[in-house]
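Those letters in the sequence shown? Residues 1466 to 1916, per the working numbering, in order.
For glycine and all other residues, C-beta sits at the position ideal for the given N, C-alpha and C.
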Amino acid sequence: MLNKNEDVQEQTKRLRFKSITNTQNSSGDLSFDRGAKETKCKDPEKAASLFAFLHVELTRGYLLEHDEERFSARREKVYSFIKIPQELEKFMAYGFFQCADSLLFVYTFLPLRFIMAIWTLFSRLFRKCFGFYSNSRKSILKPAETCDMLKGFILVICSILMCYIDTNMMYHLVKSQSVMKLYIFYNMLEVGDRLFSAFGQDTIDALFWTATEPRDRRREHLGVIPHLLFAMIYVFLHSLLVLFQATTLNVAFNSNNKSLLIIMMSNNFVELKGSVFKKFDKNNLFQVSCSDVRERLHLSVLLFIVVLQTMKEYMWKEERFWILAPDCVLVLTFEVIIDWVKHAFITREYTVSLAYDVAQTRQKYAFSDHSDLVARRMGFIPLPLGVVITRVLVHAVKVDGFAAIFLITLAYLCLISVRVLVSIVILGKACDLITQHQTEKNESYHATPKR
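Here it is as structure tokens:
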């Protein structure tokens, strides 16, 4: 009986304990929080206060070495950003001289090659008529001579047509417009110039291939004459567009209100916004870099045309040149700074592709001329710029007397010397870059562990 009573008492205690526990649990976190608060209040050292919070914020410590890899990567990014201007200008200088070499070719060796091609054409025709030309089945001109003659013919015809364009009327037509209209017009001209540059080299390449295609193949083209007319129309329209660009810049430089020039310079920020906040892979970034090289040379040529036209209107006074010089330097400097910011992660290895292009054009049996390859790679077509510069020089420089002819001849010889020097420099640099690239490639191949 005693044991049974003890068992009943133990079960009763268990039931009371469970009921008390359930009651505490049903009260939830509120009772727990109250108990915790009462405990904290009983311990004055652990009580939360504003001064304790400030003390923790002022004395709290941390160790950056716990995330060493991430912080080291951030530091390398900063160092890379600091090195960008130097590495970018190496690429820009190399590409700029390649484009300049292509433009100088139009004024130096292309006229000589054009004259030689015409002489070869007439001499071989003369020998063929009298039976002295042995290879009757073979074409009279070689492919390179045919291309040179077509280039020279396009340059001469388009330059003659451009001489009939009245730049004074064009200047006053542009000057009579409002600032906003000129800003929109200049942006339209820039877009048109890029479209012409993208499409123009295809037109010229189609003409060259049509003229030099082997005769035994099936006819799949319109003929040389339609392609020649189409190429001439393209070069003339592109030259007219470049002349409009130069005239608009001339109005901006010579106007009393410099707001148009400032608006044109601020237009680069739109380009910066469209480029920096997009992701580019290596190939796309290289194309953007080549486009910037081409734009820098194009802008330099436009400023040269503006200076020539302005100096001619002011009777070649030296004071006017020193008025124009600060604005020209400001525009070029602004363009360079925008390029530095835009190419925040460009590297110098992109010059390797340009170096291989130069080396390919110097082979004995190259498949393309250097100027054509530069045009395909960078979108820089020298013929329209050559036509515009010829038109401006013809109207700006008066040739009268033996002294003027002597100075023009001397200037031509200087251009040939500069072109030869530039060609030697970029070819030597191309060889160095190719050698360095091959060495690094071999070292990386040998350093890779073989499986």
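Simplified DSSP assignment, three categories, for residue i
i       : result
Arg1969 : Any question about residue 1969 goes unanswered here, given that the chain covers just 1466 to 1916.
Phe1595 : coil
Glu1678 : coil
Asn1722 : coil
His1808 : coil
Trp1781 : coil
Leu1606 : coil
Cys1628 : coil
Phe1695 : helix
Val1970 : No statement about residue 1970 is possible, as the shown extent of the chain runs from 1466 to 1916 and does not include it.
Gly1844 : coil
Asp1494 : Note on Asp1494: pLDDT 46, under 50, position unreliable in the model; the coordinate value appears next. Correct three-state label for Asp1494: helix.
Gln1551 : helix
Of the residues the options, the one placed nearest residue i, counting alpha carbons only
i       : options                               : result
Asp1757 : Lys1593, Glu1554, Glu1541 and Ala1517 : Glu1554
Gly1560 : Phe1751, Asn1722 and Thr1611          : Phe1751
Leu1737 : Lys1807, Phe1661 and Val1644          : Lys1807
Ser1624 : Pro1849, Ala1582 and Ala1717          : Pro1849
Thr1677 : Ala1711, Leu1615 and Phe1718          : Leu1615
Check whether residue i and residue j have beta carbons under 9 Å apart
i       : j       : result
Val1796 : Leu1726 : yes
Ile1870 : Phe1769 : no
Phe1695 : Leu1672 : yes
Leu1714 : Met1730 : no
Cys1628 : Val1887 : no
Phe1570 : Phe1618 : no
Phe1650 : Asn1733 : no
Thr1873 : Phe1661 : The displayed chain sequence assigns Ile, not Thr, to residue 1873. No, these two residues do not count as a Cβ contact at 9 Å.
Distance, residue j Cα to residue i Cα
i       : j       : result
Phe1919 : Ser1537 : The first residue shown for the chain is 1466 and the last is 1916, placing residue 1919 beyond what the model contains.
Arg1535 : Glu1541 : 10 Å
Val1621 : Leu1654 : 24 Å
Glu1905 : Leu1523 : 52 Å
Phe1832 : Leu1706 : Only weak support is given to the placement of Phe1832: the predicted model assigns it a pLDDT of 49, under 50, and the value that follows is read from those uncertain coordinates. Phe1832 and Leu1706: Cα-Cα distance of roughly 31 Å.
Ser1492 : Val1521 : Reliability fails at Ser1492, whose pLDDT of 47 lies under 50, so the model's placement of it is uncertain and the value that follows must be treated cautiously. C-alpha separation (whole angstroms): 34 Å.
Leu1626 : Cys1755 : 31 Å
Glu1533 : Ala1517 : 31 Å
Gln1903 : Leu1687 : 44 Å
Tyr1877 : Gly1866 : 17 Å
Tyr1648 : Trp1781 : 29 Å
Val1644 : Met1634 : 18 Å
His1763 : Ala1558 : 14 Å
Ile1889 : Met1697 : 32 Å
Val1857 : Ser1720 : 21 Å
His1637 : Val1771 : 15 Å
Val1801 : Glu1784 : 27 Å
Trp1674 : Val1689 : 9 Å
Contact with chain B by residue i, beta-carbon distance below 9 Å
i       : result
Asn1633 : Checking the listed chains, one finds no chain B in this structure; it contains a single protein chain.
- Message: Taking contact to mean 3 or more Cβ pairs, one atom from each stretch, closer than 8 Å, check whether the segment 1557-1575 and the segment 1589-1596 are in contact.
- Response: no
- Task: Could you tell me whether the segment 1660-1671 touches the segment 1884-1896, using the rule of 3 or more Cβ pairs below 8 Å?
- Result: no
- Message: With a threshold of 8 Å, are at least 3 pairs of Cβ atoms found where one atom belongs to the segment 1567-1587 and the other to the segment 1874-1883?
- Response: yes
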